[in-house]
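Remarks on the structure that follows.
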Amino acid sequence: MQVGDILRKKAARVATVRMNETVAIAAQLMRSGNISALVVKDVVRTEGNTAVGMFTERDVVRAIAQYGAAGVNMRVSQFISVQQLVSCTSTDTLEHVRHLMSKHHIRHVPVIDNYSLIGVISIRDITTAFDDEATPFKLAASA
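Residue numbers (my numbering): 1388 to 1530.
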């Protein structure tokens, strides 16, 4: 199974936040969307909107744990690693993406095709797909 198979079943909207927004704004976006991660985008004059990282619930906790209440007023850019964005394409296998997540200790991976952000795949998406794939075999074995 490929990443694109999962994305076709998900909502088309990708939740994003700009690098210069505050942790508080990012947290509000996650709460209103009932999601646990946002793709961080940077607006670069020559490249347009560019995905540069992920901002997650863990980053919100880290900001508050390190800086107390002042952490919510800090910029998202202060809590993401922009050295190397871990991403995948819609043609990558779920096993490959699961390996990336395990290797980098992450739970969300942006999906980028032809330099365009087209979605996000989570470890939950992968687990659900593997469970759904195994269900017919479980049903046949119990019959």
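Backbone N, C-alpha and C define an ideal beta-carbon position, used for all residues, glycine too.
Counting only runs of 4+ residues fully inside the stretch 1392-1473, write out the alpha helix (DSSP H) ranges in chain order. 1410-1420 and 1444-1454
Hey, is Leu1472 close to the ligand MN, as in C-beta under 6 angstroms from one of its heavy atoms? This structure simply doesn't include the ligand MN, nor any ligand for that matter.
For Phe1517, tell me which candidate among Leu1504, Gln1415 and Thr1480 has the shortest Cα-Cα distance. By 1-based counting over the sequence shown, the position of residue 1517 is 130. Out of Leu1504, Gln1415 and Thr1480, Thr1480 has the C-alpha closest to the C-alpha of Phe1517.
Check whether the Cβ atoms of Val1459 and Ala1402 lie closer than 7 angstroms to each other. As a first step, residue 1459 is located in the sequence shown; it is residue number 72 there, counting from the start. As a first step, residue 1402 is located in the sequence shown; it is residue number 15 there, counting from the start. No.
Do you know how far the Cα of Ala1456 is from the Cα of Thr1515? Here residue 1515 refers to the residue found at position 128 of the sequence shown. Here residue 1456 refers to the residue found at position 69 of the sequence shown. Between Thr1515 and Ala1456, the C-alpha separation is close to 36 angstroms.
Looking at C-beta atoms only, is the number of pairs between the stretch 1415-1424 and the stretch 1435-1444 that lie closer than 8 angstroms three or more? yes
Residue of Ala1521, Asp1512 and His1495 minimising C-alpha distance to Val1427: Translated into the one-based positions of the sequence shown, residue 1427 becomes position 40. If we check each option's Cα against that of Val1427, His1495 comes out closest.
Going straight from the alpha carbon of Asp1446 to that of Ile1467, what length do you get? What you label residue 1446 is simply residue 59 of the sequence shown in a count that begins at 1. What you label residue 1467 is simply residue 80 of the sequence shown in a count that begins at 1. Asp1446 and Ile1467: Cα-Cα distance of roughly 8 angstroms.
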